[in-house]
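Chemist: In my numbering, the protein residues as written are 2 to 162.
A single structure is presented below for examination.
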Ligand SMILES: CC(C)(COP(=O)(O)OP(=O)(O)OC[C@H]1O[C@@H](n2cnc3c(N)ncnc32)[C@H](O)[C@@H]1OP(=O)(O)O)[C@@H](O)C(=O)NCCC(=O)NCCS
């Protein structure tokens, strides 16, 4: 294994892999703010086709050692440019999210400020964001589908580089 990581445009065949990766229960608990029913394949595909067609959304597939390891994207929400990412569980703990986000911010979306939202208890994602230069600017309560209740969500900002 060379631990090579590249970002490339999403192709149709990636979507079935993302769907499987985003079914994982622990991942869904961590991410918290997810679709109402992650097992609804038709809704998942419709959502992805919609965001892939949206020119304001930039999405890249993360390829690690030649395999689809996850996705990283930016989108606009409440007039704020935001990033998000998802790594397949078998690839966790290898620095992939940190490398992919840093590459994405350096080459795919250089607009600043850029923001991220994360469940306060998603320590892995908070660590990834901190390493990429995001700092917490506020916290609020929001309903999390994966938890069936309101939880604390952090808003983070990166305003340079
Ligand atoms: C959160 C997530 C993106 C982390 O991906 P990853 O590739 O494993 O992250 P990295 O390997 O780059 O880890 C970065 C740091 O976070 C730490 N970390 C990773 N997962 C962690 C966890 N569950 N708890 C605590 N720390 C964690 C790592 O130890 C590492 O720190 P270190 O470099 O000081 O050792 C991945 O678990 C995931 O996709 N989860 C489900 C979806 C999700 O939560 N997306 C983000 C929504 S805001």
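For every residue, glycine included, the Cβ atom is placed at its ideal position computed from N, Cα and C.
1) For residue 57, does the three-state DSSP call read helix, strand or coil?
2) Run through DSSP, which three-state label would residue 49 get?
3) Going by beta-carbon coordinates alone, are residue 118 and residue 83 separated by less than 8 Å?
4) Using 8 Å as the threshold, is the C-beta distance between residue 114 and residue 142 below it?
5) Under the criterion of a Cβ to heavy atom distance below 7 Å, does residue 115 qualify as lining ligand 1?
6) Three or more C-beta pairs under 8 Å: does that hold for the stretch 35–52 against the stretch 83–94?
7) Terminal residues of the continuous alpha helix (DSSP H) containing residue 30?
8) If you count every other CB in all the chains shown that lies within 10 Å of the CB of residue 169, and 16 or more means buried, which is it?
9) Where do the ends of the alpha helix (DSSP H) carrying residue 124 lie?
10) Quick one: is residue 162 buried, meaning 16 or more other Cβ sit within 10 Å of its Cβ, or exposed?
11) Does DSSP put residue 64 in a helix, a strand or coil?
12) Roughly how many angstroms separate the alpha carbons of residue 122 and residue 156, rounded to a whole number?
Modeler: In brief:
1) coil
2) helix
3) yes
4) no
5) no
6) no
7) 26–32
8) Residue 169 lies beyond the residue range present for the chain, which begins at 2 and ends at 162; the question has no answer from this structure.
9) 124–132
10) exposed
11) strand
12) 13 Å
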